[in-house]
Amino acid sequence: MRALTFLLKVEDLKMYYKIREGWVKAVDGISFSLDKGCSFGIVGESGCGKSSVALAIMRLLPRNAKVIGGRIFFNGTDLMKIPLDELRSFRLKKMAMIFQSAMNALNPVFRVGDQLADAFQYHEKVSREEAKARVQEIFELVNLDSSVMQKYPHELSGGMRQRVMIAMSLLCNPDLIIADEPTTALDVVVQDQILQSIKDLQERLKLSLILISHDISVILETCDKIAVMYGGQIVEYGDSNSIFNDPHHPYTSGLFESFPTIHAELKDLMSIPGSPPDLINPLKGCRFAPRCIFKKNICEKDPPFVKVKNEHYSKCHFANLERFEWRGTL
Amino acid sequence: MFILFIAIVAPFISPYDPYYMSEDLLSPPNFRHPFGTDQYGRDILSRAIWGTRIAIIVAVGSAGLSALIGIFLGSIAGYYGGLLDDLLTRLIDFFLIIPTFFLMVLIVALFGSNISFVILIIGLTSWPSNARIMRAQVLSLKERPYIDAAKVAGVNTFRILFSHIIPNGAYPVIANSTLQMANAILIEGGLAFLGLEDPHIVSWGNMIQAARAYLVIAWWAIFFPGVAMLIMVFALNMIGNGISVVFNPSLRR
Amino acid sequence: MTDEKILEVYDLKKWFPVKSSFLSSIILRKKSFLRAVDGISFDIKRGEIMALAGESGCGKTTTGRLLVLLDEPTDGKILFNGIDISSLKGKQLKYFRKRIQMIFQDPYESLNPRFTILNAVTEPLKAHKIGSKDEWIEMAYKMLAYAGLTPPEKFFNRYPHELSGGERQRVAIARAMIIRPEFIVADEPVSMLDISVRAGILNLMKKLNKELGIAYLFITHDLAVARYMSHKIAIMYLGKILEIGPTEKVISNPKHPYTKLLLSAIPRPGLKRRRRVTMTEVPSPINLPEGCRFHPRCPYVLNVCKQREPPLSEVEKGYKVACHLISSN
Numbered sequence: 006m007r008a009l010t011f012l013l014k015v016e017d018l019k020m021y022y023k024i025r026e027g028w029v030k031a032v033d034g035i036s037f038s039l040d041k042g043c044s045f046g047i048v049g050e051s052g053c054g055k056s057s058v059a060l061a062i063m064r065l066l067p068r069n070a071k072v073i074g075g076r077i078f079f080n081g082t083d084l085m086k087i088p089l090d091e092l093r094s095f096r097l098k099k100m101a102m103i104f105q106s107a108m109n110a111l112n113p114v115f116r117v118g119d120q121l122a123d124a125f126q127y128h129e130k131v132s133r134e135e136a137k138a139r140v141q142e143i144f145e146l147v148n149l150d151s152s153v154m155q156k157y158p159h160e161l162s163g164g165m166r167q168r169v170m171i172a173m174s175l176l177c178n179p180d181l182i183i184a185d186e187p188t189t190a191l192d193v194v195v196q197d198q199i200l201q202s203i204k205d206l207q208e209r210l211k212l213s214l215i216l217i218s219h220d221i222s223v224i225l226e227t228c229d230k231i232a233v234m235y236g237g238q239i240v241e242y243g244d245s246n247s248i249f250n251d252p253h254h255p256y257t258s259g260l261f262e263s264f265p266t267i268h269a270e271l272k273d274l275m276s277i278p279g280s281p282p283d284l285i286n287p288l289k290g291c292r293f294a295p296r297c298i299f300k301k302n303i304c305e306k307d308p309p310f311v312k313v314k315n316e317h318y319s320k321c322h323f324a325n326l327e328r329f330e331w332r333g334t335l
Numbered sequence: 002m003f004i005l006f007i008a009i010v011a012p013f014i015s016p017y018d019p020y021y022m023s024e025d026l027l028s029p030p031n032f033r034h035p036f037g038t039d040q041y042g043r044d045i046l047s048r049a050i051w052g053t054r055i056a057i058i059v060a061v062g063s064a065g066l067s068a069l070i071g072i073f074l075g076s077i078a079g080y081y082g083g084l085l086d087d088l089l090t091r092l093i094d095f096f097l098i099i100p101t102f103f104l105m106v107l108i109v110a111l112f113g114s115n116i117s118f119v120i121l122i123i124g125l126t127s128w129p130s131n132a133r134i135m136r137a138q139v140l141s142l143k144e145r146p147y148i149d150a151a152k153v154a155g156v157n158t159f160r161i162l163f164s165h166i167i168p169n170g171a172y173p174v175i176a177n178s179t180l181q182m183a184n185a186i187l188i189e190g191g192l193a194f195l196g197l198e199d200p201h202i203v204s205w206g207n208m209i210q211a212a213r214a215y216l217v218i219a220w221w222a223i224f225f226p227g228v229a230m231l232i233m234v235f236a237l238n239m240i241g242n243g244i245s246v247v248f249n250p251s252l253r254r
Numbered sequence: 002m003t004d005e006k007i008l009e010v011y012d013l014k015k016w017f018p019v020k021s022s023f024l025s026s027i028i029l030r031k032k033s034f035l036r037a038v039d040g041i042s043f044d045i046k047r048g049e050i051m052a053l054a055g056e057s058g059c060g061k062t063t064t065g066r067l068l069v070l071l072d073e074p075t076d077g078k079i080l081f082n083g084i085d086i087s088s089l090k091g092k093q094l095k096y097f098r099k100r101i102q103m104i105f106q107d108p109y110e111s112l113n114p115r116f117t118i119l120n121a122v123t124e125p126l127k128a129h130k131i132g133s134k135d136e137w138i139e140m141a142y143k144m145l146a147y148a149g150l151t152p153p154e155k156f157f158n159r160y161p162h163e164l165s166g167g168e169r170q171r172v173a174i175a176r177a178m179i180i181r182p183e184f185i186v187a188d189e190p191v192s193m194l195d196i197s198v199r200a201g202i203l204n205l206m207k208k209l210n211k212e213l214g215i216a217y218l219f220i221t222h223d224l225a226v227a228r229y230m231s232h233k234i235a236i237m238y239l240g241k242i243l244e245i246g247p248t249e250k251v252i253s254n255p256k257h258p259y260t261k262l263l264l265s266a267i268p269r270p271g272l273k274r275r276r277r278v279t280m281t282e283v284p285s286p287i288n289l290p291e292g293c294r295f296h297p298r299c300p301y302v303l304n305v306c307k308q309r310e311p312p313l314s315e316v317e318k319g320y321k322v323a324c325h326l327i328s329s330n
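Chains as they are written, first to last, in the working numbering: chain A, 6 to 335; chain B, 2 to 254; chain C, 2 to 330.
Take a look at the structure:
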């Protein structure tokens with residue numbers, strides 16, 4: 006994995022939101038890289054900043070948000086340095102985003118086919134017929150019948166709407182797709198279908214994928230490389246199999262032990278005590294320390310990123326020393 | 002702005018001067034009588050201040066009555082639904098169609114112009130808008146899980162309405178009430194203007210009515226009560242707006 | 002867990018009338034109904050936790066509401082401790098409200114935003130006139146502590162919006178428990194909570210079951226949670242139960258094709274995706290398929306499946322499946 010194969014490289018990204026009480030440090034120094042054709046998952050609970058990372062990369066920032074620092078390299082180009090209108094051409098053509106709720110992105114008063122054709126025509130100078138043909142082509146890719154083009158968003162089921170969203174993101178042949186909780190609102194069977202579709206498309210079209218979710222099993226099953234986020238930072242990062250079989254951060258272990266499974270042996274779930282961290286005045290040291298049962302004095306200092314194995318890093322003072330077995334509280 | 006207008010309204014309530022007849026008839030504003038005097042020599046300023054009391058009694062009384070009836074009937078209509086709801090809704094519609102002002106003129110002309118009567122009449126004819134608002138609130142609130150939770154806990158219907166639904170749904174009614182208060186003052190003024198008001202009390206409407214004949218020579222007798230009325234109505238409207246914004250932040254610009 | 006049955010449900014139905022257009026009601030001459038619950042039967046023993054699992058729209062929430070008497074069944078019987086409670090009113094209804102409670106899905110909406118926590122938790126005591134005013138505070142204190150909210154006094158005067166989702170759900174549990182019910186319907190109690198918080202709530206509910214012998218109907222769409230919590234599980238689809246049996250058996254060796262589909266759809270960390278079965282979606286509960294409800298999506302469909310609905314029949318002791326293919330073996 007030499008630098009030349011990186012599609013996306015994020016360095017020390019920081020994005021803050023301004024609210025009445027101060028600046029919410031939603032993304033506070035994130036770094037990762039994504040190879041071409043690979044899938045990368047970001048997992049964390051609500052409020053950890055994972056959705057903000059996606060917005061920051063796409064530069065779809067709400068009015069009160071600001072990217073404070075860091076660099077985002079896309080195919081070598083620093084996205085932070087280019088002007089906004091050039092960035093627009095990046096969106097949809099080079100990178101596309103799928104949101105959690107398709108209703109956020111679809112206009113309820115227009116037919117679905119028209120909306121997608123409009124989007125396509127906005128980016129490519131083609132005729133209406135060509136645009137519609139393209140939409141039809143993509144619909145086939147995502148297993149949607151072309152009759153769906155005539156429907157309005159509310160006439161479609163949740164799964165179908167999400168497929169329309171995926172179709173929209175594929176219109177201009179992007180290199181990267183960012184999917185933010187694409188299946189959270191869906192039933193498990195539909196979720197499976199959607200994830201299967203995304204994976205198929207990724208392989209067929211040689212796409213790179215960033216998948217964001219709070220559902221660990223989805224991330225671990227779908228992605229080659231993952232990052233676990235907590236309090237605006239990445240606490241564990243690396244190959245998903247390596248992390249799943251051998252986590253090296255207390256939070257990651259805690260998460261794994263609080264997740265009920267179907268397949269593994271039935272055992273007591275552990276819960277992580279305490280509550281989510283304050284992002285306005287985050288701790289100077291390890292942000293997970295207040296809830297960590299392995300905490301020692303040294304955790305008052307910000308932990309470094311420790312290389313635990315090849316392609317496996319953890320942000321913990323004890324990353325290499327302990328196996329974090331929780332005997333947590335009930 | 003909101004607070005500013007409360008401050009303006011408050012001083013009206015505070016100083017109550019006695020009213021008495023003095024010898025200076027119809028004198029223009031001067032030192033002893035800053036607002037002038039009317040045809041009986043009564044000090045306009047004092048009368049304007051006293052008029053505030055009546056204005057407030059009328060406003061609060063009628064709007065309060067209207068709110069009580071409106072909340073009660075609106076809640077019942079919304080919560081029970083079905084035939085009861087249909088009947089009450091028709092009743093509301095009926096009342097909304099009636100030109101209430103003319104009704105009031107008729108009633109007052111027939112039955113006398115006691116001020117308490119006027120308050121009662123205004124209250125009894127303006128409740129429908131409150132009822133409608135309350136009903137809409139109830140319809141949306143009654144599906145909320147905490148209402149289900151209360152039912153499952155065994156709370157009886159009465160308590161559900163009074164402890165859960167009304168406290169959560171009454172805010173738009175309160176906002177509407179301030180507007181109704183403003184309206185009530187105008188109605189009272191209108192009735193008085195037509196000579197239908199109790200001549201023994203001191204109200205702005207009365208003052209204006211009495212001063213009509215002397216408008217040309219004594220402008221102050223009409224001007225000051227008129228301004229008082231204007232300010233009060235305006236203030237109430239602002240308060241009403243303010244309340245709606247506080248409880249419905251999406252209206253904030 | 003004893004063998005004594007605390008809840009028995011026989012052929013329970015809840016149909017909602019659907020407003021059809023004027024023309025279609027004239028032409029077709031029939032009202033269409035949304036058959037949310039269409040004839041289900043099961044029983045729960047004292048101290049048992051039964052999971053009712055299925056996708057959205059299968060009727061599980063409606064079932065829950067019927068059991069706590071928030072809605073009246075269209076047909077069928079509900080027996081609680083042997084007594085028919087399907088259509089109770091007034092005082093009798095209130096008597097059962099002491100014994101059957103519910104925990105709701107949305108911790109943000111199941112508490113009145115204007116009630117303090119103390120008020121919210123003691124409301125059932127007031128409603129049933131249990132204890133004196135001083136006793137209320139003491140009981141609230143004990144219950145909040147038991148639910149894991151310590152120190153309890155600190156929570157008394159707070160309002161729901163000051164609490165986190167997990168704390169609110171604990172308050173809801175305390176509120177449901179304070180009158181010592183025998184049976185609780187829990188409708189997706191953790192699906193709106195963060196993952197690290199869920200385990201705490203689930204473990205609390207297990208504790209209540211173990212220590213106080215409370216039976217549950219645990220409604221969920223998450224089979225992994227169902228597996229963790231329940232002794233028995235029923236799989237529901239479009240208003241009917243397709244499979245019901247001991248949880249470990251059903252999960253490890255599902256018999257009904259739908260159950261197999263559900264289980265195969267659950268993501269498996271560590272294993273890369275395999276090609277799954279079907280790309281179809283759940284049909285509308287208003288226009289139900291003929292015969293077996295699942296047949297349009299079933300890979301093993303036989304002719305009989307299109308014509309006749311399979312009855313729920315016993316394949317082992319305490320284990321029933323509604324499938325022509327299974328029962329014919």
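A virtual CB, placed ideally from N, CA and C, is assigned to each residue, including glycine.
>> Along the chain, where does the beta strand (DSSP E) containing H325 (chain C) start, and where does it finish?
In response: Reading the third sequence from its first residue, position 324 is the one you call residue 325 (chain C). Counting along the chain, H325 (chain C) falls outside any beta strand (DSSP E), though it belongs to the alpha helix (DSSP H) covering 325–328.
> CA-CA distance, G149 (chain C) and L84 (chain A)?
Replying inline: The count along the third sequence starts at 1 and reaches residue 149 (chain C) at position 148. The count along the first sequence starts at 1 and reaches residue 84 (chain A) at position 79. Rounded to the nearest angstrom, the gap between the Cα atoms of G149 (chain C) and L84 (chain A) is 48 Å.
> Counting Cβ pairs closer than 8 Å, one from the stretch 6–20 of chain C and one from the stretch 63–75 of chain C, do we hit at least three?
Replying inline: Between the stretch 6–20 of chain C and the stretch 63–75 of chain C, the count of C-beta pairs closer than 8 Å reaches three or more; the two stretches touch.
> Looking at the structure shown, is M193 (chain C) part of a helix, part of a strand, or coil, going by DSSP?
Replying inline: On the third sequence, position 192 is the one that residue 193 (chain C) refers to. M193 (chain C) falls in the coil class under three-state DSSP.
> Along chain A, in chain order, which residues have C-beta atoms closer than 9 Å to that of R169 (chain C)?
Replying inline: Locating residue 169 (chain C) in the third sequence gives position 168, where the first residue counts as 1. Within chain A, no residue comes near R169 (chain C); the closest Cβ sits about 12 Å away, beyond 9 Å.
>> Using 8 Å as the cut-off, can you tell me whether the stretch 167–182 of chain C makes contact with the stretch 233–243 of chain A, which would need three or more C-beta pairs spanning the two stretches below that distance?
In response: Segments in contact, no.
>> From the DSSP secondary-structure annotation, give me the bridge partner or partners of Q126 (chain A).
In response: One-based indexing of the first sequence puts residue 126 (chain A) at position 121. Beta-bridge partners of Q126 (chain A) (DSSP): none assigned.
> Nearest to I179 (chain C) by alpha carbon, out of C:V302, C:I104, C:S329?
Replying inline: Stepping through the third sequence from its first residue, residue 179 (chain C) is reached at position 178. If we check each option's Cα against that of I179 (chain C), C:I104 comes out closest.
> So, does the CB of I143 (chain A) fall closer than 8 Å to a CB anywhere in chain C?
Replying inline: Here residue 143 (chain A) refers to the residue found at position 138 of the first sequence. Using beta-carbon distances, I143 (chain A) does not count as an interface residue toward chain C, since no partner is under 8 Å.
> Can you name the residues that DSSP bridges to T221 (chain C)?
Replying inline: The residue you call residue 221 (chain C) lines up with position 220 of the third sequence. Bridge partners of T221 (chain C): C:A54.
>> Going by the DSSP bridge assignment, what does Q102 (chain C) pair with across the sheet?
In response: If you number the third sequence from 1, residue 102 (chain C) lands on position 101. The partner list for Q102 (chain C) (beta bridge, DSSP) reads C:I185.
> Of all the CB atoms in chain B, is at least one closer than 8 Å to the CB of F17 (chain C)?
Replying inline: Locating residue 17 (chain C) in the third sequence gives position 16, where the first residue counts as 1. Chain B, which has no Cβ nearer than 8 Å to the Cβ of F17 (chain C), makes this no.
>> Here's the rule: buried if 16 or more other CB atoms are within 10 angstroms of the residue's CB, otherwise exposed. What is R7 (chain A)?
In response: In the first sequence, the residue the question calls residue 7 (chain A) occupies position 2. The predicted model places R7 (chain A) with a pLDDT of 45, which falls under 50 and marks its position as unreliable; any figure quoted below should be read in that light. Its Cβ having fewer than 16 others within 10 Å, R7 (chain A) is exposed.
> With DSSP run on the structure shown, which of helix, strand or coil describes E91 (chain A)?
Replying inline: Position 86 of the first sequence, counted from the start, is the residue given in the question as residue 91 (chain A). Note: E91 (chain A) maps to helix in three-state DSSP.
>> Tell me the residue span of the beta strand (DSSP E) that contains S253 (chain C).
In response: In the third sequence, counting from the first residue as 1, residue 253 (chain C) sits at position 252. Going by DSSP, S253 (chain C) is part of no beta strand (DSSP E) but of the alpha helix (DSSP H) stretching over 248–253.
> Between which two residues does the alpha helix (DSSP H) containing H129 (chain C) stretch?
Replying inline: Looking up residue 129 (chain C) in the third sequence gives position 128. Looking at the DSSP string, the run of the alpha helix (DSSP H) that includes H129 (chain C) is 118–129.
> A351 (chain A) and L176 (chain A) look like a contact to me (Cβ under 8 Å); what is the Cβ gap, rounded to whole Å?
Replying inline: The displayed coordinates of chain A run from 6 to 335. Any statement about residue 351 (chain A) would go beyond what the structure contains.
> Taking the alpha carbon of L231 (chain B) as the point to measure from, which residue in B:I209, B:L84, B:Y215, B:P168 has its own alpha carbon closest?
Replying inline: Residue numbering aside, residue 231 (chain B) sits at position 230 when the second sequence is read from its first letter. When each option's Cα is compared against that of L231 (chain B), the closest is B:I209.
>> Quick check: is the beta carbon of I277 (chain A) nearer than 8 Å to any beta carbon in chain C?
In response: Working through the first sequence from its first residue, we reach residue 277 (chain A) at position 272. Closer than 8 Å to some Cβ of chain C, the Cβ of I277 (chain A) qualifies, so yes.
> Does E282 (chain C) have its Cβ less than 8 Å from a Cβ in chain A?
Replying inline: On the third sequence, position 281 is the one that residue 282 (chain C) refers to. Cβ-Cβ to chain A under 8 Å: yes for E282 (chain C).
> Should I106 (chain C) and M230 (chain C) be called a contact, given that it needs their Cβ atoms to be closer than 8 Å?
Replying inline: Here residue 106 (chain C) refers to the residue found at position 105 of the third sequence. Here residue 230 (chain C) refers to the residue found at position 229 of the third sequence. Here residue 106 (chain C) turns out to be Gln, not Ile, going by the sequence shown. For the 8 Å CB-CB criterion, Q106 (chain C) and M230 (chain C) do not form a contact.
>> DSSP three-state label for M1 (chain B), please.
In response: Residue 1 (chain B) is absent from the structure shown; chain B starts at 2 and stops at 254.
> Roughly how many angstroms lie between the CA atoms of D72 (chain C) and W331 (chain A), to the nearest whole one?
Replying inline: Reading the third sequence from its first residue, position 71 is the one you call residue 72 (chain C). Reading the first sequence from its first residue, position 326 is the one you call residue 331 (chain A). Straight-line Cα distance between these residues: approximately 43 Å.
> Would you call D17 (chain A) buried or exposed, if buried means 16 or more other Cβ atoms sit within 10 Å of its Cβ?
Replying inline: Looking up residue 17 (chain A) in the first sequence gives position 12. D17 (chain A) is exposed by the Cβ-count criterion.
> If you measure beta-carbon to beta-carbon, which residues of the stretch 185–199 of chain C are closer than 8 Å to chain A?
Replying inline: Those residues of the stretch 185–199 of chain C that come within reach of chain A (Cβ to Cβ, closer than 8 Å) are D195, I196, S197, V198, R199.
> Comparing the C-beta of D197 (chain A) with each C-beta of chain C, is any distance below 8 Å?
Replying inline: Counting from 1 along the first sequence, the entry for residue 197 (chain A) is found at position 192. The beta carbon of D197 (chain A) sits closer than 8 Å to some beta carbon of chain C.
> Do you know how far the Cα of A70 (chain A) is from the Cα of K338 (chain A)?
Replying inline: As displayed, chain A neither begins before 6 nor continues past 335, which places residue 338 (chain A) out of reach and without an answer.
> Does S23 (chain B) get closer than 8 Å to chain C when you measure Cβ to Cβ?
Replying inline: Within the second sequence, numbered from 1, the residue matching residue 23 (chain B) stands at position 22. In this predicted model, S23 (chain B) has a pLDDT of only 38, less than 50, meaning its place in the structure is not dependable; the value taken from the coordinates is given anyway. By this cut-off, S23 (chain B) is not an interface position.
> Candidates B:S141, B:N242, B:P146, B:A214: which alpha carbon is nearest A183 (chain B)'s?
Replying inline: Locating residue 183 (chain B) in the second sequence gives position 182, counting from the first residue. Taking only the C-alpha atoms, the option nearest A183 (chain B) is B:N242.
>> So for G164 (chain A), helix, strand or coil by DSSP?
In response: Residue 164 (chain A) sits at position 159 when you count from the first residue of the first sequence. Correct three-state label for G164 (chain A): helix.
> What three-state label does DSSP hand G367 (chain A) in the structure shown?
Replying inline: As displayed, chain A neither begins before 6 nor continues past 335, which places residue 367 (chain A) out of reach and without an answer.
> Which partner residues does K1 (chain C) have in the DSSP bridge list?
Replying inline: Past the edges of chain C, shown from 2 to 330, lies residue 1 (chain C), and the structure says nothing about it.
> Roughly how many angstroms lie between the CA atoms of L225 (chain A) and P295 (chain A), to the nearest whole one?
Replying inline: Position 220 of the first sequence, counted from the start, is the residue given in the question as residue 225 (chain A). Position 290 of the first sequence, counted from the start, is the residue given in the question as residue 295 (chain A). Near 27 Å, if we compare the C-alpha coordinates of P295 (chain A) and L225 (chain A).
> In chain D, what lies closer than 7 Å to T189 (chain A) by C-beta?
Replying inline: Absence of chain D from the displayed structure is noted, the protein chains being A, B and C.
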